[in-house]
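Report on the structure given below.
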Amino acid sequence: MENVENILRWAKRTDKSQDPLEYYNRYYLGLTRGKLATLDYSLYKRLWKDRLLGEVPIKNTNFGGNPLEYYQKHHVGMIRGKLRVENHSLYQRLRRDNLLDNVPLKQNKSR
């Protein structure tokens, strides 16, 4: 993959017959959907419109196979509301695995 700052964006290309998936594979291969949407939104939208977005990877984190251990190592003491904002995928995984009770609702006030 080339340096993304030097890539001609999809909307500014001169060859309008170019296949959007080929363009992604040539210039952005391996870039996640979120990063692609940030760097070249017009290409992202074209892939979406053509139902090709499934070919672009999404960020996939399995939290080392143990989401509770991951929370305790990286976010210990963080309350649910803040965790939901800061690491929404971890929050959802804990919720889905019925482990959210291990995350405090409120911050303990120490005197």
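If you read the sequence shown in the working numbering, its first letter stands for residue 110, the second for the next number, and so on. Glycine is no exception: its CB is placed at the ideal position from the N, C-alpha and C atoms.
Between Leu130 and Leu161, the gap from beta carbon to beta carbon is short of 7 Å. The alpha carbon of Ser151 has as its nearest neighbour, out of Gly174, Leu192, Lys125, the alpha carbon of Lys125. Just measuring C-alpha positions, the residue of Met187, Asp128, Asp206 sitting nearest Asp159 is Asp128. Burial is judged here by how many other beta carbons sit within 10 angstroms of a residue's own beta carbon; Val185 has fewer than 16 and is exposed. Rounded to the nearest whole angstrom, the C-alpha separation of Leu203 and Thr141 is 23 Å.
Per DSSP, the unbroken alpha helix (DSSP H) holding Pro176 starts and ends at 176-183.
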